[in-house]
Structure formats: C-alpha cells, structure tokens
Amino acid sequence: MANFKKNRKWVIRAAVAFVLILGLLTFFSNTIMNATIPKVVVESAYRGNLSYTNSQTGTAKAEGVTEVKGIEGREIASVVLSNYDRVSPGDVILTLKPVTDTTALDTLEEQLLALQREAEYAARQPSTSVDYSVYLQAIVDAEAALAQANSTLSAAMNREATLTAAQGVINANSSTAIAQQAEVDAASASLEAINVEISQNQNQISVLDDRIAVFTTLGTPTPSPADPGVITPTPVAGSIEELCAQRQALVEENEILQANLADAQARLNNAASQLATTNTAIENANATIEAANSLPSVTSAQAAVNTANSALTAAREAYTNIQITTGIAADQAQDSVEDRNENIAELTEQIAELSETMEATEIRATAAGYIYGMTTAVGDVLVKDQVLLQIIPDNVSCTVSFTFEESVASNFSIGMELSVDSYWIDKVVIVSIKPDASDPRNKRTVKCSIEGNVMPGEQITVVADRANSDYDCVVPSSAVYEDNSGTFIYVVEQTSTVLGNKCIVHRVKVTVEATDGARTAISGENIEGAQIVVRSEKPLHDGDRVRLTDYSTTEDERS
Amino acid sequence: MQLRFLDSIKSIVEKGSNERKRSFFKFILSVPFWVLVASLVIGTFSVVNIFSILGARKDKSMNEYWQQGTDVRYRHMAVYASGSRSFGLFSPLTYEEAGGSLCVSDITTIRTALQNVSDSSNTSGKGNGLKDGKPQGWEDCYSSILSANVIYSSDVNEDGIKTDLSSDTSVIAVSGNFRAFHPYEYLSGGFLPEDEVDKNQIVINDVLAWTLFKSYDIVGSRITIFNEEFVIVGVVSQSTGKIDELVGNEDPQVFMYFSKLIDVYAGGFFGTSEGMSSSDLAIGCYEAMLPEEVSGVANSDMIAAIPSYTVENNNMYVISCTGRYNLKNIWNQMIPFGAMEEKYANIDFPSWEKASQLTLQYLFYDCVAILMALVLMISAIVSIILRYHARKAIPALDTLVTEEIDESEENKKDF
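If you read the sequences in order, they're chains E and P. The opening residue of the first sequence carries number 0 in numbering that gives the first Met the number 0; numbering runs sequentially from there. The opening residue of the second sequence carries number 0 in numbering that gives the first Met the number 0; numbering runs sequentially from there.
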C-alpha cells in the first residue's frame, strides 16, 4: 500500500512537470520559432541613377621650394624659428651644439694616411714581368711532336705500300746482288790471281835478281836493255843474258799484270761499289721493312696525333691563359691603384667637408619665404641630407600628380578641370598627361596645377568623372546574389495563415545592368514593386521562411 | 534534572545522527538518478552549444549556396600561405619563397590549372577557358591582411574647426568574388564589386562605422588610409558570437581592393623603394569553389594546382571548408593536441579561419562532453535498472537499511 502511494506520488509529480514544460513551450513557442527564423530587411526596387566616379589621390608639391638639410651627427642646441615664420636669406633658424667628439674626423684622417702610405709603397715596388719563352718553347715542342705524330700516322697508313715497295726493292736487288757478288768475287779472284801472279813474278824476279847479282858480283857485264825496235839476239840458256831476259820478260809481264791488276781493281771496285749500292738498297729496304713493322697501328698513330694535337692546343691555351692572367693581374693592379686614388680623393673631400661641418654652429636660411614642415626639436641629432624644413616662397605655385588608368585618362585634355572635394582648394587643372613610367601602356601620369590655399605635402583627392545613368530598378548591392546558375535576388512572398503572416523567400533570376559598388541596377521578371531582401542575418535558400524586421529598430538595438 | 537534560540532549544527538545516516544512505541510493540528470544537462548543453556555434558559422556551407539550382556539386577549398612582414602587422605580407608563399602570378598559374580541370569535367565536352584571366564554371578569390590607421576628417563645424577621428584597423585586401565565400550581413550598401568600378572604394565593418561616424548609413562617405581617400560603398556586420569576439571580428575592419594595395605598395608607402612590383606582395589566403563529381577530388586538384607545393610543406595550409565540422575532421584536426598550431605557427591566419579553428576546438570539447554524458547516462541507467532488479529480488534495500537504523535506535533505547 505504501509503495502504491509512493509510486502515485512520483507519477503525479512527473505529470505536473510534463504539463508545466508543455505549457512553457507553448507559451514561448512563437519566441522559439522566431529565434530560428532568420530576420531580413526588404525594400522595393526603385527607379534611380548610378553615379560613377574615378578618383585618385596625390601629394601636393610646391615649385621653387628650398629644402634645408641637416648636418650629419650634429645636435640641435636651440630652435630659433618655427613653422610659418618668415625668413630672409642668412637668418638663423637653428643653432647647433659644438662638436666635442672628433672621433669621426680622426678616423677619416687615419684612413687617409694609411691609404697614402699604401700608395707610396706600391709605387716603390719593383715591376715584375712574366717570361713567356717557356710557354713558346712548349708550343714549339708540341708542334714538333704533332708533326712527328702526323708523320708516323702517314707512315702507318702507308705501311702496306711501303712494305710492298721495300719488299720489291729487296726482291729486285737480291738477284742483282747475287750477280754482283759473283762479279765481285770474280773480280776479286781475278785480282787475287793477278796479285798472285805478280807476286810470283816478283819472286821470280827476285830470284833472277839474286842470280844476276851473283853474276854481277862475278864481274859479268850486265847487258843493257836494247833500244825499242831493236831485235836482240836470243840469250844463251843459263847465262846472265837469259836471266836478264827472263827478268825483263817477267818485269814486262808484271807491268802487263799491273795494268790488268788496275783494271781488275777498277772492275772490282766498280762491282763492289755496285754491290754496296745494291746491298745498301737491300739494307735500306730491310730497314724500311723493319721500321714499317715497328710502326704503331693506324688507330694508335691517330690517337697519338690526337694526343699531340691536344698537347699543342693545351700549350697554346696555357700561353693564352698566362697572357690573360698577366693582363688581368695588371688590370687589377691598375684598378687597385685607381680605387686607392679615388678613395684618397674621397677621404680628402670628406675630411674637408667634415671639418667644415664641425665648425658650423648654426643653420641659416638660404632663401626668402616662410618656414614649413619643420619637425625638429632641441636635442634631435641630425642626419646628413635629412630635410629639416622647407622654405616656401610667397606666391608659391603647387602642383600635384595623379596616376589614372589609360581608359580614364583618354577622356582628359590639357586645361581640363578635375573636381576636388576640398574646402580650401579652388581648382585643379590638368597641365600635362604622359605615360606612367611603371606601366606606360596602361597608366597615365596626370600633372595638375592647384589654385587655392594648399600646403605642400597635403594629400589631394580629385574625382575624374562622375557619370549618372538612369535605371528602372536600382537596389542596394547587398540585395543581389550570385551562384553557379547566375545572379538573382530574393523576393519575399507574404501569405496569411491562422497563426499570422508567413513570409517565404523566392529566388528570382535577374541581370545586372550596372553597379557603382553601393547600388546595382537590375532587370528581371516581376521585380517591380516586389519586396526584395536587401539584408539578411544569414544566407538564404529558395523557399526559406523569414521574418521581416525594421532596420532602424535594429540600429537602435546596436547602439 | 541534570540527568534528564543530558539524556534529552543525548537522544536529540542520536536522533540527529540517525537522521543523517538515513539521509546519507538515501542520497547514496539516489546517486544514479542525479548522475542521469547531470548527463542529460551536460548532453543538452553541449548539443545546444554545438548548434549555436555551428549556427554562428555562416560560411560553413557556402558550397551549398553556390551549387543550389544546379546538379553540379561544389567544394569550398582554401589555401593559407605564409610570407614575411618588414615591421609587423602594419606592413603587408611579402613573398618569401616558392612553395611557401603565393603571389599574383601564382594565382594565374593556379587558375589556369584549375580551369583545365574544370573544363575536363565539363559534360558538354567544350572547354570554357579563362575569360580575361577569370574562372569560368567555378569561382575563386584571394586576400591578404595587414593593419593600418584609418582617418576620418569630419566637415568643418560652426567654429571652423575640423576634427579628425582615427582608428587602427585591420585591412583585408581582396580580389575575385570574395562575397561568394564570406556571407556578411550588410547594414548598408554592398560589397566591393568583383569587376572594379573604382579602386578607391572600400567596405567597412559596423564597429569602425560606429567608431568614426556613429551611424551605419554612411555610403558615400570618405575615409583616409595609406594617405589616400577611399569612398565607402558598404557597411558589413561580422560578429555573431563569442568566437567572433575572440578572433577579432569585433575589432575595426575594412575591405579594399588587392590591386589598390599593390598600387600603394609600389608607390613606396611602406618604406620600400619605388618600383617594387606586384610579385613582391604575398597572398595570405586563396579560396576556390571547385566543381566535384567525385567526392574529395577537389582537394587533390587544388594541391596539384599550387606551384611548388608539397604535402610536407609547413608554410602552406590547404583545407577543405566543405564538411569541415564533421566528427572525423574534428578528430583529425584536434588530435594530437597542439600539433596543428605548432605545424602552421608561421602562417598568419585571417580572422575567419581563426574562427573556424576555434569552432573546431569548441566542437571537440562539446563532443567529448557529449561522450562523457552518454557514458554517465548509460552507467546511471544501468545502475538504476540493476537497483530495480535488486529491489524486486530482495525486499527494498533502502527500507532494510532504514529498518536497521530504526532497530538500532530501539536497541539503544531499550539499553
């Protein structure tokens, strides 16, 4: 029973909670539903015009402005004049603190001294010249090697012919040599025989001389030789006369033999000479054959020629390179000298300039006019060529240059006035139009004169053209959407339901006729008078339910 | 008397102690119920939070808006590249190296490659080709971010005094169809037209509009940035929640043409020497809406189109914005913790990407919370069921306990 009561209690509690939650949800259902529906702002398309502007901004520059520049490293002691003060040439504008630190000047002087010493030592150096004879000799040697290699190649190429010729010579001379050898042998034998005979005769003559000497010793008168043509009687055998006759015969025979010997010798010499010639030819041919056989192959000889060529080329290159290197070294030395001289001159100039600036204690005006653009203060350290201020003469004329696209500038002409939204400027008139250096094909630099109260450095914006065109349907650009299928707008369709007005958005395809960025002219079906969504909380889909909201209310909420 | 008083005190204390014991046991026995309630609360809160932060990310499904009305599916891809800045955010992003930075000429290369891909998947068989360098059949945009000081010179008042109001603002230089990728709420005017009407047009956000003008209806007003005057053509609202506030969407922002930034840069405004060309400026973000017949192919098309890009490259981040907030992607992005931030630490992400990354982080936490809630819910339900079964098998356990307590009280009284 207790359990039943307990369970009933829980069921009642659960039912009450359920009813409460349901009630809350029902009560706030509209709020919950509205929270999930995106808010949109709608407008009707209206007839209107779009204005086109082409504007550009430039910086005003004054003509005849004198710039007063700073001195490197100097500190401003006091500012005597300020912006818009009138000055005349020579008026003191700023005073500078005296220079206490001469480190910079000392450093420069030290650098100058070092360079001057370097120049002096370089001038006293002995000159060195390069000996090219080694390189030339190498070229000559390489040329000789090349000639030799070519010769070897030629010989190798003609080896067969050479061998054939030599062999022919050998063949031709071999038989000749044999015959000549035989002739030499014969001549030699003949000579030998004659010599033997002569020797024999001489022996016999000696013997006879001995025997005659015996007779002579014994007092037998020696017969004197008969005169030529005289017939002498036949000597008695064994007598001195016979001996003398024998001797005479032998002597005569020897004389004949001597004559024959001479002939034989001559023949022998001739045969020997011929044989020697033939043998020489054969030897030469053999030597030629040997030389030909010892020649390298054509390939090797060609390789040797190539190597010799390369060696010659390398030798020539080495010669050329050494000439170039020597020339470069000479030029470098020359440049070094020139650079050093330049540095010396530059340092000298810097020292002079620095000395002059270190002595300066004031910055004075160099022209008449009024001071403009001064931003320095006491204690500022100046930088060289830093523009401290400008002196603008009275009645200064200012110009300004703009860069326009070529399509826009094509409508300009010299003397044309550009509109400017500035309270202080009366007129901006074009004085020149020329291609822009950065993009000469597509851009134009338009220089204009300015009339009015303008300060140099002021930014000026001009509007090149404003065009207005009327369109039937103009909407804010935020109303026009684009996707893959083209441009469209969302039109709200309101229907009445039991629970109130229901707003659904529908896509309507449109064509964009023109836009100026903020507004867009469109054309399409059934868009006149339609409620077009110009603003929505989030992107919409065709058929989404939306709720209309008032823009002004939203702005108040935001503020 | 004293004894009675002491006895009464003792009985009160004992009674209180028994009550406390009873309450304690009741509490222990009711823990599963409270765990269930807690899991429901955590789960509900996390789900609501998920819907809330996803609802705030209006740019999460831009591909669906782009492809509505056609049968072609599209994927929103984004590439974030790195660069260098000479002096912090007040200088523009400049080109560093191929494969890490993107410049305008890289955009031409990418467009040509992607157009070829798009043409090859064209069912008509005819290639569209780029028209005046712009995509046909798909869409893209690119942007770069820097900071600048904006000045508004009010009109001369009755005393002849002109006041200048200024504000440091984030400048987003855009080109292409930026609006197709970033759906802003327009408070007035519109966005910069894709085809430039006037390079000196500008769109500002509601924060800057209120700071300078105390109004949103300011189309046609002029402000000065980079020493040049710009005409306002629209006011947009970006902030929709906590995440937008954290990433800076509630700070002043302006949108200008990228080509104008090139002109300003080349003119030497940032202290660079004149003659610097557009190739020196880097693009921080390139986005494309690519047709995709096969799911995931747009990712590889984009990677292949980027010049000198490698997957190991830490200087470029390629991400598919479509389907970015699904569970798998959340897990891949967040685990391991901090790995992605460390890997792409040198990329200057724009506010919309920071918002997306923060959204992923919050979604991760919410998913973990939902998981915890589910675990708690399951364990609570199981313990309730077990308790129910135990109660049926054994007489009420809690009654037994309270009976024990009562018995012990009686025993004490008797004693």
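Quick reminder that beta carbons are idealized off the backbone N, C-alpha and C, glycines included. Bear in mind the structure is a predicted one, so any value in this text is a computation, not a measurement.
DSSP state of residue i mapped onto helix, strand, coil
i, result
"residue 10 of chain E", "helix"
"residue 124 of chain E", "coil"
"residue 254 of chain P", "strand"
"residue 23 of chain P", "helix"
"residue 45 of chain E", "strand"
"residue 425 of chain E", "strand"
"residue 336 of chain P", "coil"
"residue 291 of chain P", "coil"
"residue 537 of chain E", "coil"
"residue 219 of chain P", "coil"
"residue 50 of chain E", "strand"
"residue 458 of chain E", "strand"
"residue 403 of chain E", "strand"
"residue 61 of chain P", "helix"
"residue 31 of chain P", "helix"
"residue 212 of chain P", "helix"
"residue 264 of chain P", "helix"
Beta-carbon proximity of residue i to residue j, cut-off 7 angstroms
i, j, result
"residue 186 of chain P", "residue 236 of chain P", "yes"
"residue 141 of chain P", "residue 290 of chain P", "no"
"residue 223 of chain P", "residue 150 of chain P", "yes"
"residue 388 of chain E", "residue 372 of chain E", "yes"
"residue 458 of chain E", "residue 226 of chain P", "yes"
"residue 138 of chain E", "residue 266 of chain E", "no"
"residue 65 of chain P", "residue 53 of chain E", "no"
"residue 368 of chain P", "residue 45 of chain P", "yes"
"residue 161 of chain E", "residue 291 of chain E", "yes"
Local Cβ density within 10 Å of residue i, reported as buried at 16 or more and exposed below that
i, result
"residue 251 of chain P", "buried"
"residue 10 of chain E", "exposed"
"residue 410 of chain E", "exposed"
"residue 480 of chain E", "buried"
"residue 259 of chain P", "buried"
"residue 25 of chain E", "exposed"
"residue 551 of chain E", "Because residue 551 of chain E sits at a pLDDT of 49, beneath the cut-off of 50, its placement in the model cannot be relied upon, and the following sentence gives the value as read from the coordinates. So residue 551 of chain E counts as exposed."
Residues near residue i by beta carbon distance below 8 angstroms, same chain, minus five either side
i, result
"residue 452 of chain E", "423 and 424"
"residue 434 of chain E", "440, 442, 443 and 444"
"residue 507 of chain E", "487, 488, 489, 490, 523, 524, 525, 526 and 529"
Extent of the continuous alpha helix (DSSP H) to which residue i belongs
i, result
"residue 388 of chain P", "350-392"
"residue 186 of chain E", "158-216"
"residue 241 of chain E", "239-292"
"residue 76 of chain P", "Taken as a continuous stretch (DSSP letters only), residue 76 of chain P belongs to no alpha helix (DSSP H), being part of the beta strand (DSSP E) at 73-80."
"residue 31 of chain E", "28-35"
"residue 241 of chain P", "241-246"
"residue 357 of chain E", "297-358"
"residue 301 of chain P", "296-304"
Close-in-space but distant-in-sequence residues of the same chain around residue i (CB under 7 angstroms, 5 per side omitted)
i, result
"residue 215 of chain P", "186, 187, 205, 208 and 234"
"residue 11 of chain P", "none"
"residue 321 of chain P", "62, 74 and 75"
"residue 264 of chain E", "190"
"residue 3 of chain E", "none"
"residue 115 of chain E", "343"
Endpoints, beta strand (DSSP E) assigned at residue i
i, result
"residue 363 of chain E", "361-363"
"residue 163 of chain P", "163-175"
"residue 110 of chain P", "Unbroken run through residue 110 of chain P is the alpha helix (DSSP H), 103-119; no beta strand (DSSP E)."
"residue 95 of chain E", "91-95"
"residue 493 of chain E", "485-496"
Cutoff 6 angstroms; reference residue i; Cβ partners in own chain excluding five residues on either side
i, result
"residue 196 of chain E", "256"
"residue 138 of chain P", "176, 179 and 288"
"residue 34 of chain P", "375 and 379"
"residue 171 of chain P", "142, 144 and 254"
"residue 513 of chain E", "49 and 520"
"residue 268 of chain P", "225"
"residue 148 of chain E", "303, 304 and 307"
"residue 418 of chain E", "462"
Residue i: CB within 6 angstroms of a non-hydrogen atom of the ligand FMN
i, result
"residue 250 of chain E", "Ligands are entirely absent from the displayed structure, and the ligand FMN is therefore not among its contents."
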